[in-house]
Every structure is written in structure tokens, then in C-alpha cells.
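Before any comments, here is the structure.
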Amino acid sequence: MEIIRIGFIGTGGMAQVHAGQLLELENVEIKAITDVSTEARERFVNQAGLQDVEQFTEYRNMLEQVDLDGVVICSPHTLHFEQATAVLEKGLHVLIEKPMTCSSKEAEELIKIAEQADKIMQVSYQRHFQPEFIYIRDAIAAGKIGKLTSITASLYQQWWLGSNDTYSWRKDPKLSGGGFLMDSGSHIIDVLLWASGLTPVEVTTQLSKQGAPVEIDTFTSIRFKEGAIAGLNLVGYSPVWYETYVFCGEDGAIFYENDKITLQLSGKEPIVPELPKQTTNQDKSFIDAILGKHEVQVPGEFALKVVQFSEMVYESAGYKPL
């Protein structure tokens with residue numbers, strides 16, 4: 256059995272999620288970790304039970320001194336491009352936490368670098384592997400609700416009100432590259448574009464920083480090339496987490512509310528659909544792509560679309576995070 260040797264750049268909360276999923280696989284070994292924070296590294300090591308893992312404060316030292324097959328990047332957003340470039344140019348595969356980069360220019364260049372290196376580059380949009388969102392995408396693609404006419408996508412989160420250290424770099428534009436939209440909001444943009452398959456051509460945005468160094472709340476209206484319209488509401492100044500989507504088509508609609516889905520066809524009783532079974536996740540699919548078992552599930556070409564849309568929102572609002 257071929258063992259895939261993995262290193263980590265960044266060992267915060269999301270890195271621990273990735274480690275947990277990777278350690279469930281018999282053919283993966285976490286060999287090394289990099290983080291400038293000794294406390295973060297120790298927390299990662301203790302939670303994952305990896306007392307013998309090699310530790311570094313500088314990722315380039317890890318890349319030079321440890322034999323690896325792939326690297327998981329869970330660092331602040333603005334560091335992704337430089338770090339992923341170094342990983343790929345070292346001849347290693349890379350799984351990048353969202354967003355892939357903070358600009359479309361960097362994203363396009365990174366795609367070229369991955370192609371030249373002939374290595375796997377996957378972006379960690381986990382909703383691509385979750386049954387609820389697979390159902391929504393497949394139902395729309397199969398025409399169950401007819402041609403899409405409108406979409407509403409909303410996320411409310413206690414993002415700005417959080418005061419723990421996990422959030423500190425996310426509120427520093429030099430590291431975050433933006434606020435709530437660039438962070439949690441990236442997942443909602445992902446679902447909007449991936450599930451619908453539509454192409455945004457025009458956006459109009461209202462934005463509020465709520466007194467913060469980065470944007471917190473954005474309300475965006477969207478027009479798609481295919482004719483549908485949409486509203487995207489990303490609210491980081493909220494007392495609770497609340498996530499909803501409504502996909503309306505010519506023959507019905509799909510309603511999603513905090514993991515619950517209802518299919519409503521015109522003139523019929525509402526249906527709670529049976530969801531597909533989850534068979535993989537962002538980490539297992541990354542390893543399977545390295546092993547040639549299937550194509551990359553969330554390639555850079557798709558993640559680029561999320562970056563481009565994020566830029567459209569910021570430009571519409573006249574907002575420059577950096």
C-alpha cells in the first residue's frame with residue numbers, strides 16, 4: 256500500500272479538521288507541521304496525537320528538510336499564493352484552504368504553476384462533498400425545478416463579535432485580504448456558483464464595515480448571463496449562525512435552511528428528499544486524486560470563479576481591503 260506523506264502549513268482550527276480526516280485513512284502519514292506559533296503547533300500535536308511529528312516555524316525549511324508527497328495549507332489568506340507556489344515548485348501536491356488566493360491574477364498564475372509542475376492542486380470547499388449540496392446541485396442539473404429564475408443565498412454568523420485569537424488575523428486585512436466575504440462568505444459564493452452552474456455578469460453591492468478594519472456585512476444583487484437573478488446576503492454582525500438558500504425555477508423550488516432541505520414542485524405537496532450518502536470529503540478526495548483514483552474534485556479553475564466573483568463584489572462597493 257502506497258503511503259502518502261503529508262505536511263501542514265498552518266496548524267489552527269481548520270488544520271485540526273483536516274488532520275482528523277486524514278488520520279482516518281490507512282495510507283496517509285502526517286510527517287511535519289509548520290506554524291509560527293509554538294502554542295498552535297502544540298495544540299495541533301496534542302489533539303491529533305502526533306508527538307513525533309517534525310515541527311518547523313518556517314515552511315521553506317520543512318519543504319527542504321522533510322520528504323513529503325503533499326502539503327495542506329491552512330494559513331492566512333494572503334499567504335496562500337506564495338506558499339502554494341513554493342510547494343508546487345518543490346514538486347509536491349497541494350490542498351489549499353479557501354479562498355485559493357485573494358486576487359484573480361494570483362489565482363490564474365497559480366493554476367499555470369500547478370499545470371507546469373504537473374501536480375494536484377485542490378481547494379478545500381467542503382460543501383462539494385456534503386449530501387445536502389450534492390443533492391441541490393444534482394437536482395438543478397437534472398432539471399427537477401426547471402430553468403433557474405432566481406436564487407437567494409444568505410449566511411449570518413457571529414463573526415465580528417468573536418474575540419478569541421482564532422479571529423485575530425482574519426480581521427487584519429494584510430493577512431485576511433478582506434473580511435467576512437473573503438472568509439466564511441467564500442463558502443456561500445462557492446455554493447451559489449457551483450450548485451447553480453450560472454455565470455455572474457453584473458453585481459450591485461451595499462457594504463458595511465460596522466466600525467471594523469475589514470468589511471463585515473454585504474448585500475449583493477446579481478444578474479447572470481443565463482437570465483436568472485440572485486441576492487447574496489453575508490452578515491458577519493449577527494448573534495447566531497444561520498444559513499439559507501432558495502433556488503427557484505420555472506417548475507418549482509429547493510429550500511435549504513440550516514441543513515434541512517425541502518423540494519417544492521408547482522401544484523404539489525412539499526417533499527423532504529432522500530439525500531445521497533456521503534462517500535468522501537475534501538481530504539480523502541485529495542489523497543485519492545494523488546493516487547489517480549479520480550480527477551481533482553475542486554480544481555483551481557473552479558476556485559478562480561469564486562475569487563473573480565469576490566472581486567466583482569468589492570469593486571461594485573468601491574472597496575479595497577488592502
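Residues in the sequence shown are numbered consecutively from 256, following the numbering used here. Positions of the beta carbon are idealized from the N, C-alpha and C atoms, including for glycine. Owing to the predicted nature of the structure, the values given are computational and were not obtained by experimental measurement.
* Measure how close the beta-carbons of Q377 and V562 come, nearest whole angstrom, since I'm counting them as under 8 Å. => For the purposes of this step, residue 377 is identified with residue 122 of the sequence shown, where counting begins at 1. For the purposes of this step, residue 562 is identified with residue 307 of the sequence shown, where counting begins at 1. Not a contact, Cβ separation roughly 15 Å.
* Asked: With a CB to CB cut of under 6 Å and the five nearest residues on each side skipped, what residues in its chain are close to A558?
  -> Residue mapping note: residue 558 aligns to position 303 of the sequence shown, counting from 1. So the qualifying residues of the chain are M355, V378.
* Asked: How many angstroms separate the CA atom of L430 from the CA atom of K548?
  -> If you number the sequence shown from 1, residue 430 lands on position 175. If you number the sequence shown from 1, residue 548 lands on position 293. Their backbone Cα atoms lie some 35 Å apart in a straight line.
* Short Cβ contact (8 Å threshold) for H273 with C329 -> Here residue 273 refers to the residue found at position 18 of the sequence shown. Here residue 329 refers to the residue found at position 74 of the sequence shown. For H273 and C329, yes; Cβs fall inside 8 Å.
* **For G433, the nearest candidate out of H442, T312, V469, E457 (CA to CA)** => By 1-based counting over the sequence shown, the position of residue 433 is 178. Closest by alpha carbon: V469.
* **Sequence ranges, alpha helix (DSSP H) only - wholly within the stretch 387-418, length at least 4** => none
* Can you tell me which of the three DSSP states L577 falls into? => Position 322 of the sequence shown holds residue 577. Looking at L577 - three-state DSSP - the assignment turns out to be coil, as it is neither helix nor strand.
* Integer Cβ distance of A572 from L462, believed to fall under 8 Å -> Residue numbering aside, residue 572 sits at position 317 when the sequence shown is read from its first letter. Residue numbering aside, residue 462 sits at position 207 when the sequence shown is read from its first letter. Yes, they are in contact, since the Cβ atoms of A572 and L462 sit about 4 Å apart, within 8 Å.
* **Minimum length 4: unbroken alpha helix (DSSP H) runs contained in the stretch 323-356** => 335-344
* **CB contact flag (L343, I366, <8 Å)** => Locating residue 343 in the sequence shown gives position 88, counting from the first residue. Locating residue 366 in the sequence shown gives position 111, counting from the first residue. In this structure, I366 does not lie closer than 8 Å to L343 by Cβ.
* In the DSSP assignment, what residue or residues form a beta bridge with L487? -> In the sequence shown, the residue the question calls residue 487 occupies position 232. According to DSSP, which records beta bridges pairwise, L487 is partnered with A408, T475.
* Asked: To the nearest angstrom, how far is it from the Cα of I395 to the Cα of G262?
  -> Counting from one through the sequence shown, the residue named residue 395 turns up at place 140. Counting from one through the sequence shown, the residue named residue 262 turns up at place 7. Those two C-alpha atoms are separated by around 38 Å.
* To do: Determine the contact status of L448 and F564, defining contact as a CB-CB distance below 8 Å.
  => The count along the sequence shown starts at 1 and reaches residue 448 at position 193. The count along the sequence shown starts at 1 and reaches residue 564 at position 309. The answer is yes: Cβ separation under 8 Å.
* Asked: Can you give the Cα-Cα distance for A467 and C357, rounded to whole angstroms?
  -> Here residue 467 refers to the residue found at position 212 when the sequence shown is read from its first residue. Here residue 357 refers to the residue found at position 102 when the sequence shown is read from its first residue. Each residue's Cα considered, the two are about 19 Å apart.
* Asked: Between F336 and the rest of its own chain, which residues show a CB-CB distance below 7 Å, the 5 nearest in sequence each way excluded?
  -> As a position in the sequence shown, residue 336 is number 81, starting the count at 1. For F336, where only same-chain residues beyond five positions count, the Cβ hits under 7 Å are T356, E361, L365.
* Find the nearest neighbour of E281 within the set D538, M567, V553, E566, judged by alpha-carbon distance. => Stepping through the sequence shown from its first residue, residue 281 is reached at position 26. Comparing Cα-Cα distances from E281 to each of D538, M567, V553, E566, the minimum goes to D538.
* To do: Can you tell me which of the three DSSP states Q537 falls into?
  => Within the sequence shown, residue 537 is the residue found at index 282, counting from 1. It is helical.
* Asked: Going along the chain, which residues of its own chain have a beta-carbon closer than 8 Å to the beta-carbon of A341, five neighbours each way excluded?
  -> For the purposes of this step, residue 341 is taken as the residue at position 86 of the sequence shown. These residues qualify, in order along the chain: Y314, R315, L318.
* For Q276, which residues from the same chain have a beta carbon less than 6 Å from its beta carbon, with the 5 sequence-adjacent residues on both sides left out? -> Stepping through the sequence shown from its first residue, residue 276 is reached at position 21. Only N536, D538 meet the Cβ criterion.
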